[in-house]
Amino acid sequence: MNKVALEFVRFVLQKNPNADDFTEIYDAMSRAACARSFHNLGYEELAMAGISFSLLNTSKLEHLIVKARESLPSK
Numbered sequence: 002m003n004k005v006a007l008e009f010v011r012f013v014l015q016k017n018p019n020a021d022d023f024t025e026i027y028d029a030m031s032r033a034a035c036a037r038s039f040h041n042l043g044y045e046e047l048a049m050a051g052i053s054f055s056l057l058n059t060s061k062l063e064h065l066i067v068k069a070r071e072s073l074p075s076k
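With my numbering applied, the sequence shown corresponds to residues 2 to 76, in that order.
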C-alpha cells in the first residue's frame with residue numbers, strides 16, 4: 002500500500018471527522034483532490050500514488066479507507 006495514498010486518506014478523515022459512510026468520505030476525498038489541499042496533489046498525482054476515483058475501483062478505495070482508519074489514533 003502506497004504511503005502517500007494512506008496519508009492522503011488519513012488527512013481527509015481527520016479533516017472530515019463526521020464523514021461516516023463511503024459516499025461522504027469519497028466526496029471529501031474528491032474535494033481535497035480538486036482543491037489540491039494535500040501537499041498540492043491533484044487527481045493525476047494521487048492516481049500515481051494508487052488512488053483511483055473511478056467507480057470501478059471502489060473496493061480498493063474502501064480497503065484503503067479501512068486501513069487509514071485503523072492507523073488513526075483512537076478517539
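Don't be surprised by glycine CBs; every beta carbon is placed ideally from N, CA and C.
Source: prediction; values computed, not measured.
Within the same chain, no Cβ atom closer than 8 Å to the Cβ of SER55 is found once the five residues on either side in sequence are excluded.
LEU47: member of the alpha helix (DSSP H) spanning 44–49, first to last residue.
Counting the other Cβ atoms within 10 Å of the Cβ of LEU57 gives fewer than 16, which makes it exposed.
Looking only at THR24, LEU65, VAL13, HIS40, the smallest Cα-Cα distance to GLY51 is reached by LEU65. Boundaries of the alpha helix (DSSP H) around MET30: 23–36. If you draw a straight line from the Cα of ALA34 to the Cα of GLY43, it is about 5 Å long.
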